[in-house]
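K.L.:
Per the numbering used here, residue 80 is the first one in the sequence shown, and the count goes up by one each step. Note that the Cβ used here is the ideal one computed from N, Cα and C, for glycine as well. Here it is, the structure, as structure tokens.
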Amino acid sequence: MLKTTQKLFRMSSSYLINDSKYSFLKELGLQEKNCGVYDGAWKGSGESVKSICPSNGQVIAEVKYGTASDYDSCVKASQKAWETWADMPIPARGEIVRQIGDALREKLVPLGKLVSAEMGKIIPEGIGEVQEYVDICDYAVGLSRSMSGAIIPSERPGHVLMEKWNPLGVIGVISAFNFPVAVYGWNSAIAMVCGDTVLWKGSETTPLVSIATTKIVVDVLEKNKLPGAIATLCSGRADVGKAMAADPRIKLLSFTGSCEIGNLVGVEVQKRFGKHLLELGGNNALIIDEDADLNMAVQASVFACVGTAGQRCTTTRRLILHKKIAKEFLERLKKSYNKVLPRIGDALDENVLIGPLHTETSVKKYKDTIDQAVKAGGKIEFGGKVLNGPGYFVEPTIISGLPHDSPLVHNECFAPIVYILEANNLKEAISWNNEVNQGLSSSLFTTSIEKMFDWIGPKGSDCGIVNVNIPTNGAEIGGAFGGEKHTGGGRESGSDSWKQYMRRSTITINHTKELPLAQGIKFE
Numbered sequence: 080m081l082k083t084t085q086k087l088f089r090m091s092s093s094y095l096i097n098d099s100k101y102s103f104l105k106e107l108g109l110q111e112k113n114c115g116v117y118d119g120a121w122k123g124s125g126e127s128v129k130s131i132c133p134s135n136g137q138v139i140a141e142v143k144y145g146t147a148s149d150y151d152s153c154v155k156a157s158q159k160a161w162e163t164w165a166d167m168p169i170p171a172r173g174e175i176v177r178q179i180g181d182a183l184r185e186k187l188v189p190l191g192k193l194v195s196a197e198m199g200k201i202i203p204e205g206i207g208e209v210q211e212y213v214d215i216c217d218y219a220v221g222l223s224r225s226m227s228g229a230i231i232p233s234e235r236p237g238h239v240l241m242e243k244w245n246p247l248g249v250i251g252v253i254s255a256f257n258f259p260v261a262v263y264g265w266n267s268a269i270a271m272v273c274g275d276t277v278l279w280k281g282s283e284t285t286p287l288v289s290i291a292t293t294k295i296v297v298d299v300l301e302k303n304k305l306p307g308a309i310a311t312l313c314s315g316r317a318d319v320g321k322a323m324a325a326d327p328r329i330k331l332l333s334f335t336g337s338c339e340i341g342n343l344v345g346v347e348v349q350k351r352f353g354k355h356l357l358e359l360g361g362n363n364a365l366i367i368d369e370d371a372d373l374n375m376a377v378q379a380s381v382f383a384c385v386g387t388a389g390q391r392c393t394t395t396r397r398l399i400l401h402k403k404i405a406k407e408f409l410e411r412l413k414k415s416y417n418k419v420l421p422r423i424g425d426a427l428d429e430n431v432l433i434g435p436l437h438t439e440t441s442v443k444k445y446k447d448t449i450d451q452a453v454k455a456g457g458k459i460e461f462g463g464k465v466l467n468g469p470g471y472f473v474e475p476t477i478i479s480g481l482p483h484d485s486p487l488v489h490n491e492c493f494a495p496i497v498y499i500l501e502a503n504n505l506k507e508a509i510s511w512n513n514e515v516n517q518g519l520s521s522s523l524f525t526t527s528i529e530k531m532f533d534w535i536g537p538k539g540s541d542c543g544i545v546n547v548n549i550p551t552n553g554a555e556i557g558g559a560f561g562g563e564k565h566t567g568g569g570r571e572s573g574s575d576s577w578k579q580y581m582r583r584s585t586i587t588i589n590h591t592k593e594l595p596l597a598q599g600i601k602f603e
């Protein structure tokens, strides 16, 4: 018995949370063993799982997952909290979200480092992701003072015709590993000012980020003597997500993930006539036209293709080059890749530009995709190797020689692999951009005003994000984020995305003693 106890102690003491390099974890209120469910109190009745750091494959800490019973408790607590939250004036809810933004600012660096440690993106990107949540809080505060309905002219005398927006109730958020803070932030900040309560299921592989973020939000709520269950959390496996999709108490379900799983989620929600917001895959193309500024295009392409180790939904998967500049551009790109190759490493280390892939499974998919590409006749122009040592590191890879409609080119591998395609003209390049199932992000590099407007016009890119002379990735919070076709059609963050978190009522008020009917109908 003593030996078993000593062994368990040695195992837990070797967790990264006890390493001085990771002291920021305890600043966030994390421990060796953490409860992954919050319904007004921290709990967890399910299995214990180990959170792994992809930079070294070591255990960071443990998390106790939730069960079906825990999930039900979260929903009931969210419903009860909504009774209080929905009664607050919208600007008062905005003030709470403002305080959440300030609380995130105070934890900007430690929470950003946690994103780097648990997800694997480099520190500037980890901190930048938390900054996105801060920014959307600021945006939501402004929205709380400006969202409006409408007064519409009525054809009937003595009548007022208007539109009013009201909160939905409890909304669910299922987020992915690659943006474990920002996606929740986009949804929760907007939903909260709209008057909804939020139940969050974070990624199975980034539970510590979900816990730390929820702690920050809940602390603000409790300091204001509000129910902490305005922001509930149920960490868990797919069974929790399935329950959310099938549950009529979840008035809107926001899901971020693969097209395959998103399709299942969308169908399940639709079965109960619920609302869904889907943010799915994006097989994104970046077109370099013959008149492009190649210096700028190369610089943008490096970040677009290898930033976050190719694990953004907006990462460039296809580089469509005009034949006249293809050879020169490719040579320049390979030289730039060579410069970043020595800067692959631990996401928490300074001077690193490319961190690890997120899991061992991701590494296997990377390797399998490259093997398939070579068998299909593709040429490895750069990279193509899994790096030895601890952690899940791979070389950023450029592949040429495959046709634009190859099944491999049309299949998104969530890794730093980009396919080089050569087009005869812009019209052909646009058709290739549009031929894949997904329609998230796209970009064109050109100096021609005419081509820019062709690109953003009705016969241009069919994506939700259509850029000119910038990468496909790195969206701002002020615009609506989302895509078309198999990307799901959902929109999060800015613009009028807030309308998805509310229900619209068309209201007619008769303030006379007469009862005229519309369209001049007489019923006498």
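Entirely within the region 497–574 and at least 4 residues each: give me those alpha helix (DSSP H) ranges in chain order.
P.N.:
505–513 and 528–534, all fully within the region 497–574.
K.L.:
Mind checking who Lys280 pairs with in its DSSP beta bridge?
P.N.:
Lys280 is bridged to Ile253.
K.L.:
Do Gly119 and Ala165 have their CB atoms nearer than 8 Å?
P.N.:
Not in contact: Gly119 and Ala165 (Cβ atoms no closer than 8 Å).
K.L.:
According to DSSP, what are the bridge partners of Met581?
P.N.:
Met581 is bridged to Pro246.
K.L.:
Can you tell which of Trp279, Ile329 and Leu505 has its C-alpha closest to the C-alpha of Ile366?
P.N.:
Per the Cα distances, Leu505.
K.L.:
Ignore the nearest five residues each way along the sequence and tell me which others in Ala371's own chain have a CB closer than 6 Å to its CB.
P.N.:
These residues qualify, in order along the chain: Phe524 and Thr525.
K.L.:
Here's the rule: buried if 16 or more other CB atoms are within 10 angstroms of the residue's CB, otherwise exposed. What is Thr587?
P.N.:
Flag for Thr587 reads exposed.
K.L.:
On the criterion of 16 or more Cβ atoms from any shown chain inside 10 Å, does Gln110 qualify as buried, or is it exposed?
P.N.:
So Gln110 counts as exposed.
K.L.:
So what does DSSP say about Leu287, is it helix, strand or coil?
P.N.:
Correct three-state label for Leu287: helix.
K.L.:
Would Asn342 pass as a contact of Glu491 if the rule is Cβ separation under 8 Å?
P.N.:
Cβ distance not < 8 Å, so Asn342 and Glu491 don't count as in contact.
K.L.:
Looking at C-beta atoms only, is the number of pairs between the region 536–554 and the region 383–393 that lie closer than 8 Å three or more?
P.N.:
Touching, per the Cβ criterion.
K.L.:
Quickly, what does DSSP pair Leu400 with across the bridge? List them, please.
P.N.:
Answer is Ile367 and Glu501.
K.L.:
In three-state DSSP terms, what is Tyr94?
P.N.:
Tyr94 falls in the coil class under three-state DSSP.
K.L.:
Would you call the CB atoms of Ala604 and Gly389 closer than 8 Å?
P.N.:
No answer is possible for residue 604: it lies beyond the span of the chain, which begins at 80 and ends at 603.
K.L.:
Can you tell me whether Lys280 is buried or exposed, with buried defined as 16 or more other CB within 10 angstroms of its CB?
P.N.:
Lys280 should be labelled buried.
K.L.:
Might you give, ordered along the chain, the residues of its own chain that have their beta carbon closer than 6 Å to the beta carbon of Lys294, omitting 5 neighbours on each side?
P.N.:
Result list for Lys294: Gly108, in chain order.
K.L.:
Ser267 and Pro286 look like a contact to me (Cβ under 8 Å); what is the Cβ gap, rounded to whole Å?
P.N.:
About 17 Å separates the two Cβ atoms, so there is no contact after all.
K.L.:
What does a CB cutoff of less than 7 Å around Glu44 pick up in its chain, not counting 5 residues either side in sequence?
P.N.:
With the chain running from 80 to 603 in the structure shown, residue 44 is simply not present.
K.L.:
Can you tell me which of Lys321, Leu373, Ala376 and Glu358 puts its alpha carbon nearest to the alpha carbon of Lys350?
P.N.:
Per the Cα distances, Lys321.
K.L.:
Tyr144 by DSSP, collapsed to three states: which one?
P.N.:
Note: Tyr144 maps to coil in three-state DSSP.
K.L.:
Please state whether DSSP places Glu358 in a helix, a strand or coil.
P.N.:
Note: Glu358 maps to strand in three-state DSSP.
K.L.:
From what residue to what residue does the beta strand (DSSP E) around Glu460 run?
P.N.:
Lys458 to Phe461 is the extent of the beta strand (DSSP E) around Glu460.
K.L.:
Please state if the CB of Val272 and the CB of Leu305 are separated by a distance shorter than 8 Å.
P.N.:
For Leu305 and Val272, no; Cβs fall outside 8 Å.
K.L.:
Give me whichever residues DSSP pairs with His238 in a beta bridge.
P.N.:
According to DSSP, His238 bridges with Asn589.
K.L.:
Tell me the DSSP secondary structure of Lys601 in three-state form.
P.N.:
Here Lys601 sits in coil by DSSP.
K.L.:
Contact defined as beta carbons within less than 8 Å: I believe Val381 pairs with Tyr416. What is the distance between those atoms, to the nearest angstrom?
P.N.:
Right, the Cβ-Cβ distance comes to about 7 Å (below 8 Å), so this counts as a contact.
K.L.:
Beta strand (DSSP E) containing Thr311: first to last residue?
P.N.:
Note, Thr311: beta strand (DSSP E), Ala310 to Cys313.
K.L.:
Out of curiosity, what's the CA-to-CA distance linking Cys384 and Trp511?
P.N.:
One C-alpha to the other measures close to 18 Å.
K.L.:
Here's a check: name, in chain order, each residue in its chain whose Cβ is nearer than 6 Å to the Cβ of Gly480, leaving out the five neighbours to either side.
P.N.:
Only Gly456, Gly457 and Lys458 meet the Cβ criterion.
K.L.:
Rank Thr440, Glu204, His483 and Lys530 by C-alpha distance to the C-alpha of Arg397 and give the top, closest one.
P.N.:
Answer by Cα proximity: His483.
K.L.:
Does DSSP put Thr163 in a helix, in a strand, or in coil?
P.N.:
In this structure, Thr163 counts as helix in the three-state DSSP scheme.
K.L.:
Take every Cβ of the region 434–446, pair it with every Cβ of the region 133–142, and state whether three or more of those distances are shorter than 8 Å.
P.N.:
Cβ pair count under 8 Å is three or more, so yes.
K.L.:
What does the alpha-carbon distance come out to for the pair Pro595 and Arg235?
P.N.:
Those two C-alpha atoms are separated by around 7 Å.
K.L.:
With distance defined between alpha-carbon atoms, name the residue in Glu501, Leu420, Gly567 and Arg316 nearest to Tyr144.
P.N.:
Selected option, being the one with the closest Cα: Arg316.
K.L.:
Which of the three DSSP states is assigned to Lys129 in this structure?
P.N.:
Three-state result, Lys129: strand.
K.L.:
Please say whether Val128 and Lys122 have beta carbons closer to each other than 8 Å?
P.N.:
Not a contact, by the Cβ cut-off of 8 Å.
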